[in-house]
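Participant:
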Amino acid sequence: MRIPWELVVSFALGLGLLYAIGWLLLVPMRFLWRLIAGGLMGALALWLINQLSGITGIYVAINPFTALSVGFLGLPGALLVVALQYLL
209 MRIPWELVVS FALGLGLLYA IGWLLLVPMR FLWRLIAGGL MGALALWLIN
259 QLSGITGIYV AINPFTALSV GFLGLPGALL VVALQYLL
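Counted the way the numbering used here counts, the sequence shown spans residues 209 to 296.
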């Protein structure tokens, strides 16, 4: 029993297309989950800064822009948001 080479090539092309489609769907989702996790961690960091406002006198509004910037940039983002709060 022989397997035709056309069948082998078509299965290989099908598997390659399935892999490419799966990769194209997975990469944006990974970026989206990382963005959501960074936003939540940024909001948590800003909440912690606001909880310490009695001691430090620093209060920063928590909104999606500030939370995402702190979550994306980390400590420099938190310092940037606090500096912008005092400049504006």
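Quick reminder that beta carbons are idealized off the backbone N, C-alpha and C, glycines included.
What's the C-alpha gap between Leu287 and Ala253?
Facilitator: Position 79 of the sequence shown holds residue 287. Position 45 of the sequence shown holds residue 253. Straight-line Cα distance between these residues: approximately 11 Å.
Participant: So what's Ile270 in DSSP terms, helix, strand or just coil?
Facilitator: Along the sequence shown, one-based indexing puts residue 270 at 62. Of the three classes helix, strand and coil, the one that applies to Ile270 here is coil, per DSSP.
Participant: By Cβ distance below 7 Å, which residues in the same chain neighbour Tyr267 in space, the five residues on each side in sequence not counted?
Facilitator: Here residue 267 refers to the residue found at position 59 of the sequence shown. A distance below 7 Å between beta-carbons, with the five flanking residues on each side excluded, links Tyr267 to the following residues of its chain, in chain order: Asn258, Ser261.
Participant: Nearest by alpha-carbon distance to Arg242: which of Phe280, Pro272, Ala275 is it?
Facilitator: Taking the first residue of the sequence shown as 1, we reach residue 242 at position 34. Checking every option, the nearest Cα to that of Arg242 belongs to Phe280.
Participant: Please name the residue in Gly250, Gly265, Leu296, Trp255 whose C-alpha comes closest to that of Gly285.
Facilitator: As a first step, residue 285 must be located in the sequence shown, where it is residue number 77. Checked all of Gly250, Gly265, Leu296, Trp255; the closest Cα to Gly285 is Gly250.
Participant: Enumerated in chain order, which unbroken segments of the alpha helix (DSSP H) with a length of 4 residues or greater are wholly contained in the stretch 241 to 289?
Facilitator: Whole alpha helix (DSSP H) segments, 4+ residues: 261 to 264, 272 to 281.
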